[in-house]
Amino acid sequence: MAESERKAFKDWFDKDAAKLLAGQFKRVHKTFDEKRFAQLAGAGLQKLEFNDRIRQFSDAMAATLPMPYPKAIAVVVNSLPAAQTNCDDSISDGWLQWPVGQFIADHGLDHPQISLPAMIELTQRFSAEFAVRPFVERYPDYMFEQMLALAHHENPHVRRWCSEGTRTRLPWGKKLFALIDDPSPVWPILDVLKDDPELYVRRSVANNINDLAKDHPKQVITTCKAWSTGGGADRAWLIRHGLRTLIKDGDRGALALLGYSKPQGLLANLTVSPKTIAVGQAVTLSLALKNTSAKKQQLMLDYVVHYIRKNAVVNAKVFKWKAVTINANSTVVFEKQHPMKVTTVRALYPGVHRLDIQVNGECLASGEFKLTS
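Take a look at the structure:
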């Protein structure tokens, strides 16, 4: 495991991984051709990106396991390692089983009654959140009936799977467009899981809600408002985390639900320095907030960077700053550095970049700086 964690991500599935997985199948199926599997799975891997490697491993399983599919998946399930006992969503745990989910999705779709138990076993070792998505698409009534029941399962990995597998916009996963249009089948599952004893599960519920909020904000706010009644600190955290994108977007309904109303009598003064920086350097935001009203105010403080993109296109990105309480007739001063570094997800282009201060969804002050290459 330690060796796999030191590898580049796409190199997790290399010839050594093919041999390990072949050995896993061989231990429970003595006539399994592990050499052929390793050859098929490991052929030309340097030319393949991560997802294509997973598919190649799945194809190698189909070519070497006893077929038809019910026989093959029985071998695979019997070969799985011991179930995880910890509640850790690290993708490195059980990473070798990743192609198993792909195999189920590729070859088990015509056998939902056989594939469902296999996915339940798999998700206790690694994850079946990607494998289940085509089943949710083809057999929505059957799958939601089963997953609603499984939301009460004794194993937290299975309960989490019921939420992760039904996320409409799961990262790396296929979008579930039917649920994007109508998420009503998801809500009963989330309602069961919202007070799960494991944070590992509740975090998934919050992420599911955050996905739903991108397409159905009013429905999410209505549901979270109902959930906020009678819930404790854990449920309050779940609601806050589930509304995070709406909060960043300054959605008034989400902000009001968390106790943040429109600022009253609030004056903001922003200073951005230095006025010119090079890529790799940082600007300092100095913000003075003066509450001229006679009441203290709960404030959600964010800032927006308007990045210059190619062809002078501007792209706004909201960054969290802090939540504060400002007393009546008082002034508070905050300071923060914002680095302008190139990352794997954001290229930087020279030009004048605007900064906005967003308080409870309201833009109260702006500044700018020039970025040079």
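In this note's numbering, the protein residues as written are 2 to 374.
Heads up, the beta-carbon is just placed ideally off N, CA and C, and yes, glycines get one too.
Next item on the list: Would you kindly work out how many angstroms separate the C-alpha atoms of valine 333 and serine 274, rounded to a whole number?
Entry: Approximately 19 Å, taken between the alpha carbons.
Next item on the list: List the whole-angstrom C-beta distance separating valine 306 from histidine 339, where the pair is believed to meet the contact cut-off of C-beta under 8 Å.
Entry: Taking the Cβ atoms as the reference, valine 306 lies roughly 7 Å from histidine 339, within the contact range of under 8 Å.
Checklist line | CA nearest to the CA of asparagine 211, picked from Ser164, Asp235, Ala227, Pro69 | finding: Looking only at Ser164, Asp235, Ala227, Pro69, the smallest Cα-Cα distance to asparagine 211 is reached by Ser164.
Next item on the list: Identify whether serine 164 lies in helix, strand or coil by the three-state DSSP scheme.
Entry: Helix, per DSSP.
Notebook entry, point to check: Among Glu50, Pro67, Phe14, which has the Cα closest to the Cα of phenylalanine 33?
Noted result: A check of alpha carbon separations from phenylalanine 33 across Glu50, Pro67, Phe14 identifies Pro67 as the nearest.
Margin query: Going by beta-carbon coordinates alone, are phenylalanine 127 and glycine 95 separated by less than 8 Å?
Written below: With respect to the 8 Å criterion, phenylalanine 127 and glycine 95 are classified as neighbours on the basis of their beta carbons.
Next item on the list: Name the one or two DSSP bridge partners that threonine 326 has.
Entry: Assignment of beta-bridge partners to threonine 326 by DSSP yields Gln299.
Next item on the list: Helix, strand or coil for aspartate 216, going by three-state DSSP, please let me know.
Entry: Correct three-state label for aspartate 216: coil.
Next item on the list: Please report the residue range of the alpha helix (DSSP H) in which asparagine 52 lies.
Entry: First-last of the alpha helix (DSSP H) with asparagine 52: 51-65.
Note to self: So, at 6 Å on beta carbons, what are the nonlocal neighbours of phenylalanine 104 in its own chain, with the 5 sequence-adjacent residues on each side left out?
What the structure shows: Excluding its 5 nearest sequence neighbours in each direction, phenylalanine 104 has C-beta neighbours in its own chain below 6 Å: Ser59, Met62, listed in chain order.
Next item on the list: Would you please state the rounded distance, in angstroms, between the beta carbons of tryptophan 228 and arginine 236? I believe it to be under 8 Å.
Entry: For tryptophan 228 against arginine 236, the beta-carbon gap comes to about 6 Å, under 8 Å, which counts as contact.
Next item on the list: Output the boundary residues of the beta strand (DSSP E) element that contains aspartate 357.
Entry: Per DSSP, aspartate 357 is one residue of the beta strand (DSSP E) stretching across 352-360.
Item checked: Cut-off 6 Å between Cβ atoms - residues of its own chain near arginine 37, not counting five sequence neighbours on either side -> Within its own chain, the residues whose Cβ lies closer than 6 Å to the Cβ of arginine 37, once the five positions on either side in sequence are excluded, are Thr65, listed in chain order.
Notebook entry, point to check: Any idea if tryptophan 162 is buried or exposed, counting beta-carbon neighbours within 10 angstroms, 16 or more meaning buried?
Noted result: Taking a 10 Å sphere around the C-beta of tryptophan 162, we find 16 or more other C-beta atoms and assign the residue as buried.
Notebook entry, point to check: If you measure from the CB of glutamate 146, is any heavy atom of the ligand ZN nearer than 7 Å?
Noted result: Here there are no bound small molecules, and the ligand ZN is not part of this structure.
Next item on the list: State the Cα-Cα distance for the pair asparagine 312 and proline 351, rounded to the nearest angstrom.
Entry: In a straight line, the C-alpha of asparagine 312 is about 11 Å away from that of proline 351.
Item checked: Simplified DSSP assignment, three categories, for glutamine 338 -> Reduced to three states, the DSSP call for glutamine 338 is strand.
Notebook entry, point to check: Shortest alpha-carbon distance to aspartate 12 belongs to which of Pro82, Pro264, Gly45?
Noted result: Per the Cα distances, Gly45.
Note to self: With three or more C-beta pairs closer than 8 Å as the rule, is the segment 355-368 touching the segment 257-271?
What the structure shows: Remark: three or more beta-carbon pairs, one from each stretch, lie closer than 8 Å, so the segment 257-271 and the segment 355-368 are flagged as touching.
Notebook entry, point to check: Between which two residues does the alpha helix (DSSP H) carrying alanine 73 extend?
Noted result: Residues 70-80.
Notebook entry, point to check: Which residue spans inside the segment 175-233 form an unbroken alpha helix (DSSP H) run of at least 4?
Noted result: The qualifying runs are 178-182, 188-194, 200-214, 218-228.
Notebook entry, point to check: Helix, strand or coil: how does DSSP classify glutamate 4 here?
Noted result: Low local confidence applies: a pLDDT of 43 at glutamate 4 is under 50, so the model's placement there is unreliable, with the coordinate-based value given in what follows. Annotated three-state conformation of glutamate 4 is helix, per DSSP.
Next item on the list: With threonine 124 as the anchor, note down where its alpha helix (DSSP H) starts and where it stops.
Entry: It spans 113-124 - the alpha helix (DSSP H) in which threonine 124 sits, taken as one unbroken run.
Note to self: With three or more C-beta pairs closer than 8 Å as the rule, is the segment 248-261 touching the segment 201-211?
What the structure shows: Taking a cut-off of 8 Å on C-beta distances, the segment 201-211 does not touch the segment 248-261, as fewer than three cross pairs fall below it.
Next item on the list: Look at proline 141 and proline 189 and say whether their C-beta atoms are less than 8 Å apart.
Entry: No, the Cβ-Cβ distance between proline 141 and proline 189 is not below 8 Å.
Notebook entry, point to check: In the structure shown, what three-state DSSP assignment does tyrosine 143 receive?
Noted result: In the three-state scheme derived from DSSP, where H, G and I count as helix and E and B as strand, tyrosine 143 is classed as helix.
Notebook entry, point to check: Since threonine 169 sits in a beta bridge, which residues does DSSP pair it with?
Noted result: Beta-bridge pairing links threonine 169 to no other residue.
Note to self: To the nearest angstrom, how far is the alpha carbon of arginine 355 from that of serine 116?
What the structure shows: The alpha-carbon atoms of arginine 355 and serine 116 are separated by roughly 52 Å.
Next item on the list: Report the rounded CA-to-CA distance for leucine 123 versus leucine 171, giving the unit in angstroms.
Entry: Spanning the two alpha carbons is a distance of roughly 18 Å.
Note to self: I'd like to know whether the C-beta atoms of glutamate 199 and cysteine 364 end up nearer to each other than 8 Å.
What the structure shows: No, these two residues do not count as a Cβ contact at 8 Å.
Notebook entry, point to check: Does the Cβ-Cβ distance between isoleucine 74 and alanine 119 come in under 8 Å?
Noted result: A contact, by the Cβ cut-off of 8 Å.
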